[in-house]
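A.B. asks:
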Amino acid sequence: MPTGPSCNLECEYCYYLEKSELYPERAEFAMSENTLEEFIRQYIESQPTQRVTFAWQGGEPTLRGLDFYRKVVRLQEKYAPPDKQIMNSIQTNGTRLNEEWCKFFKENEFLVGISIDGPKELHNKYRRTRSGHGTFEEVIDGLSLLKKHGIKYNVLCVVNNYNSKYPLRVYNFLKNKNVNWVQFIPLIEEFDKKEENTSTSRSIDPISDIDHENKGELKRCDYRWVNEMVNYPDNNDTEYKELIKLARKAPVSERSVDPEQYGIFMTEIFDEWVRNDVGEISVRLFDQSLEVAIQGNPSYCIFKETCGEQVAMEHNGDIYSCDHFVNKGFKLGNIHDENIVTMIESNEQQQFGEYKREGLPKLCENCNVRNFCNGGCPKNRCAKTTSGDFGLNYLCASYRYFFNYIQPYLSLLRKQYNKNKPLTNVMKQIKSLDNHYSIQ
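In this text, residue positions in the sequence shown follow my numbering: the first is 135, and each later residue adds one.
1) If we count the other Cβ atoms within 10 Å of its Cβ and call it buried at 16 or more, is K328 buried or exposed?
2) Name the DSSP beta bridge partners of V386, please?
3) Roughly how many angstroms separate the alpha carbons of H570 and L231, rounded to a whole number?
4) Pick from D452, E448 and V391: whose alpha carbon is nearest that of D471?
5) With respect to the alpha helix (DSSP H) encompassing T226, which residues constitute its N-terminal and C-terminal limits?
6) Identify which residue in L302, S249, E233 and P432 has its Cα closest to the Cα of G284.
7) Compute the Euclidean distance between the alpha carbons of E146 and Y305, then round it to the nearest angstrom.
8) Does the beta-carbon of E241 have 16 or more other beta-carbons within 10 angstroms, so that it is buried, or is it exposed?
9) Where does R230 sit, in a helix, a strand or coil, going by DSSP?
10) P195 and Q225: beta carbons closer than 8 angstroms?
11) Could you spell out where the alpha helix (DSSP H) holding D452 opens and where it closes?
12) Identify which residue in E439, K237, R389 and K496 has its Cα closest to the Cα of E324.
13) Just to confirm my understanding: we take E406, look at its own chain, exclude 5 residues before and 5 after, and list those with CB closer than 7 angstroms. What are they?
14) Would you mind sorting E351 into buried or exposed? The rule is 16 or more other CB atoms within 10 Å of its CB.
15) Assuming G192 contacts S265 under a Cβ cut-off of 8 angstroms, what Cβ separation, rounded to an integer in Å, is found between them?
16) With respect to the alpha helix (DSSP H) encompassing L380, which residues constitute its N-terminal and C-terminal limits?
17) Leaving out the 5 sequence neighbours to the left and right, which residues in its chain are closer than 6 angstroms to T519 when beta-carbon positions are compared?
18) Give every residue of the same chain whose Cβ lies closer than 6 angstroms to the Cβ of K286, excluding the five residues on either side of it in the sequence, and list them in chain order.
19) Rounded to whole angstroms, what's the CA-CA distance from L308 to S249? Just pull it up for me.
20) To the nearest angstrom, report how far apart V412 and Q444 are at their CA atoms.
21) Three Cβ pairs or more, each shorter than 8 angstroms: is that satisfied between the region 262-279 and the region 370-387?
22) Grab me the residues of K438's own chain with a C-beta within less than 7 angstroms of its C-beta, minus the 5 sequence neighbours each way, in chain order.
23) Which term fits K299, buried or exposed, when burial requires 16 or more other beta carbons within 10 angstroms of its beta carbon?
24) Could you tell me the distance, in whole angstroms, from the CA atom of Q563 to the CA atom of P216?
25) Are N200 and C236 touching if we call contact CB-CB under 8 angstroms?
26) Taking the alpha carbon of I403 as the reference point, which residue from F318, P542, I474 and S566 has its own alpha carbon closest?
27) Please name the residue in P542, Y177 and F202 whose C-alpha comes closest to that of S166.
28) Applying the 10 Å Cβ sphere with the 16-neighbour rule, what's the burial state of P556?
29) Extract the residue ranges of the alpha helix (DSSP H) inside the region 295-319, only unbroken runs of 4 or more that lie entirely within it.
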C-alpha cells in the first residue's frame, strides 16, 4: 500500500520517485482520510483468510507521520470483525526511526522491513541523501533502535552491479548484525524505450577488470559430490554463454546486476547458508525454492505460473495491476468508483496475470527448472533468446545456474521434511559429504 512517492533520500536506483510524474497536479502526495478509510474497509472485506496483512511502503512511508498510522490502527479496529487478525508491516529506509516510532511499532506489533545493501562501502554506493551523502550510519542507528525495542524486523537488500561482486561480505555483514530474514532483490533497470540512450549495451563485461571475491567467473564448485549429482551450466555450455551475451545487450542501466553475476551471488550465499545457517536465517529465494521442491508450486508472485493477485494502490485510491506496472496503461480504476475485488477479478487483470504464462518464449517450454522460475517477473523480460525471440527474463542464465546447482541440497532437505525431521539435520549431512569427498 504505497503512501505516496515522496522520500527523504534520493537513492540512485529508486524507480518509485518517477511515479510522481503520474500526478503532476499534486504538490504533495498525501492520502486523504476519506481514501484511507475506504481502502481499509474494502481491503478487510476483500480478504478471505483469517489473517489480513497491510504492507505500508512509499517512497518513504514514515514521512506521513505517526498520526497517520495511529489513524490506520483505529480504522482497522473499527472495520475488522472479531474473527480477523490484523497484521501490519512497513518498509522503511530506516533513517527517520526514533524512540517514538519504535514505541508505536512495538505497541502495535508492526513488522518493520529495513533497506540495507551491505556494509558501509557497499551500502553507500547508491543509497544516498539528496545532497549525495551516504546513509549507512543513520540506517544502522535505526536498526539498533529496532533491536533495542524488541521489534520484529527483516532486511531488503538490493543486489546491484557493485555489491553483487561481494556475496559473502554482504551476507556475513547481515549475519553479524543478527538479521534472521532477508530478501535479495536483483536490480534490473530497463531504459525507457521512448528515451534515446547510447549506453544500453552490456556486451562488455562490467566486472571483469575489478578485483572481487570471484572475478565474475562461473566455476565448478569445490564440493565434488554436488558436481556428480547435477549437470548445471558451466563455461562449456554454449547456449548458456550465448544467453549471457544476449542479456548483456539488453537495454538496462549500468547499475543493474550482471545477468550472470546474480546467480553466482546467490549460489555463494546458498553454499554458506546450507552448511551453517539453516533454521537460523531465512532467505526468501531459498525458502521459495524449498517450497517448490516440497509442494510443487511456488507461492511468490515472481515465480508463480500466473500472477495478478497483488495489485498496487496509489495515494488517491487509483488501483494498478502491479507495483511494477504503475502507469496509465495498467490502471484498473479507483476505489471510490469501484470495489477492489471487482477490479482484481476484471478481465483486464485476469489477462494481465495470464500473460505471465502465455508470454513465455518457446525456449522456456522444455527448461528443466521452469517450475522453479516460470519465466520470472514480467517486468524483467527484456532479453532475447538464442533464436531471436524477445521476452526472455534478463536473469535467465542466473536462474538456470542457481536452481540447477541447489537440486542436490533440496533433495536432502526434502527427505528431512518428509520424515518429519528437523531441516537443520542437513548441515551435518552436508559437512560429512564434504569431508568424505575432500579426502579421496
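Glycine included, every Cβ here is placed at the ideal spot set by N, Cα and C.
C.D. replies: Reading off the structure:
1) No answer about K328 holds up, because its pLDDT of 34 lies below 50 and its placement is not dependable.
2) E324
3) 49 angstroms
4) D452
5) Premise fails: T226 lies in the beta strand (DSSP E), Q219 to T226, not in any alpha helix (DSSP H).
6) E233
7) 22 angstroms
8) exposed
9) coil
10) yes
11) Note, D452: premise wrong, no alpha helix (DSSP H); beta strand (DSSP E) at D452 to Y454.
12) R389
13) L302 and Y305
14) The predicted model places E351 with a pLDDT of 45, which falls under 50 and marks its position as unreliable; any figure quoted below should be read in that light. Answer is exposed; the Cβ neighbour count stays below 16.
15) That belief does not hold up - the Cβ atoms of G192 and S265 are roughly 20 angstroms apart, past 8 angstroms.
16) T372 to A381
17) P495, L497 and L526
18) L245
19) 11 angstroms
20) 29 angstroms
21) no
22) P432 and N508
23) buried
24) 46 angstroms
25) The sequence given here has Leu at residue 200, not Asn. For L200 and C236, no; Cβs fall outside 8 angstroms.
26) F318
27) F202
28) exposed
29) 301-310
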